[in-house]
Amino acid sequence: MTDTPHQLGASRTLWELVTRRATLTGDRPALLQGDRTLTFGALRERAERVAAGLYGLGVRPGSVVAWQLPTRIETVLLSVALARLGAVQSPVIPFYRDREVHFALRASKAEFFAVPGEWRGFDHAEMAHRIRLELPDPVMVFEAYDSLPDGDPSVLPPPPDDGTAVRWIYWTSGTTSDPKGVLHTDRSLLAGGSYLAHALHLEPDDIGSIAFPY
Numbered sequence: 041m042t043d044t045p046h047q048l049g050a051s052r053t054l055w056e057l058v059t060r061r062a063t064l065t066g067d068r069p070a071l072l073q074g075d076r077t078l079t080f081g082a083l084r085e086r087a088e089r090v091a092a093g094l095y096g097l098g099v100r101p102g103s104v105v106a107w108q109l110p111t112r113i114e115t116v117l118l119s120v121a122l123a124r125l126g127a128v129q130s131p132v133i134p135f136y137r138d139r140e141v142h143f144a145l146r147a148s149k150a151e152f153f154a155v156p157g158e159w160r161g162f163d164h165a166e167m168a169h170r171i172r173l174e175l176p177d178p179v180m181v182f183e184a185y186d187s188l189p190d191g192d193p194s195v196l197p198p199p200p201d202d203g204t205a206v207r208w209i210y211w212t213s214g215t216t217s218d219p220k221g222v223l224h225t226d227r228s229l230l231a232g233g234s235y236l237a238h239a240l241h242l243e244p245d246d247i248g249s250i251a252f253p254y
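Numbering-wise, our numbering puts 239 at position 199 of the sequence shown, and it's gapless, one number per residue.
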């Protein structure tokens, strides 16, 4: 049976959603940033190459990958690539600094940490490398802003098919105490997105903004 946009919410995983949407409307815009456009087909294709590059760095299904990145096309590509691998993602709010980042990395037992380098006058890479030395478990720090890891998708393992496994660790603000990790599955995120789309009566031609967080 051919998918329709309203059936896509039944996808088991984020990667399955991206794949089904790329098959349905591969030539339609998926992401817009300034004068840049990425179609759904290109999103799937490029995300697989980024996934292969991450696989070359050692990211495997179940690896915990934290990232502290501004919302832009490359951030979405990285996130979708991690979803392709079945990694556990831990997005860290970009304005967090040493205390909160240290806590999030330690509490999540992150194995990898993607940062934008220097962004808006602050050197995230320097902070990440400094914190890395203080953690009990090793963390690989890499930059993911204008360029992303790249590789041959033929090396990739099969995509994940369990939408009920924990794939996301989101962090509360931590204003009065340490941030708290909130666990989500792909299905819980997709369900929330589906209900929101239904409540807003969204149609395939509608364009929405991604302010924060992705």
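For every residue, glycine included, the Cβ atom is placed at its ideal position computed from N, Cα and C. Owing to the predicted nature of the structure, the values given are computational and were not obtained by experimental measurement.
If you check the CB distance, S51 and L230 come in under 8 Å.
The C-alpha of V132 is placed about 7 Å away from the C-alpha of V141. Here H164 carries a helix assignment [DSSP, helix/strand/coil]. DSSP links P69 through a beta bridge to T79. Rounded to the nearest whole angstrom, the CA to CA distance from L196 to L94 is 10 Å. By a beta-carbon distance limit of 8 Å, A91 contacts L125. Their separation comes to about 5 Å. According to DSSP, E158 shares a beta bridge with D163. Excluding residues up to 5 positions away in sequence, nothing lies with its Cβ nearer than 7 Å to the Cβ of A82 in the same chain. Ranked by Cα distance from L122, the first of V99, H169, I250, T111 is V99.
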